[in-house]
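The sequence shown stops at residue 106 when you use full-length UniProt numbering, and every number in between is there.
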Amino acid sequence: MVSVAGIIGLLVIVLVNSAVTALMTRFFRVRLHTRWGSLIYSLLLCPVVMVVILLVLSGVFSLGANLGSQTAVLLVTIVIPLATGMTFDYFWMPAPDEVELPASMN
């Protein structure tokens, strides 16, 4: 049986991983000037950072619940936040080329 504290800890892990993925995807989209480069970097580097965050939050801080299998853990804490964060950046946020920046910072 999963406790309420375990579910809240799991939600914290999912939200943190989704936010990190969205921020990393935005960073890659702004810094890289190729169409596929940001997607490839996001798909390759975001899961590595998410696994480190998962290990820290679930190991050091003891957040999360026992999901029963390794597949469920990877799906809930890595795949779903990766898809959510990238979807948030690619479909909800404006493209970096569409954002107007001021000429100077005063």
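For glycine and all other residues, C-beta sits at the position ideal for the given N, C-alpha and C.
Considering only the beta carbon of each residue, do residue i and residue j sit closer than 8 Å?
i, j, result
"residue 130", "Val60", "For the chain, the structure presents residues 1 to 106; residue 130 sits outside this window and is missing."
"Met24", "Val48", "no"
"Leu57", "Val16", "yes"
"Val2", "Ala65", "yes"
Taking the beta carbon of residue i as the centre, do at least 16 other beta carbons fall within 10 Å, making it buried, or is it exposed?
i, result
"Phe91", "exposed"
"Asp89", "buried"
"Ser18", "buried"
"residue 169", "Coverage of the chain is limited to positions 1 through 106, which leaves residue 169 absent and any answer about it impossible."
"Gly85", "buried"
"Arg35", "exposed"
Nearer than 7 Å: is that true of the beta carbon of residue i relative to any heavy atom of the ligand SAM?
i, result
"Gly68", "Absent from the structure shown: the ligand SAM. Ligands present: none."
Quick one: Cα of residue i to Cα of residue j, how far?
i, j, result
"Val20", "Thr87", "13 Å"
"Thr71", "Pro81", "15 Å"
"residue 124", "Val30", "Given that the chain is displayed from residue 1 to residue 106, the structure contains no residue 124 and the question cannot be resolved."
Notebook entry, point to check: Taking the runs of the alpha helix (DSSP H) that are 4 residues or longer, which of them lie wholly in the UniProt domain "DUF7991" (1 to 103)?
Noted result: 4 to 31, 37 to 55, 70 to 74 and 80 to 87
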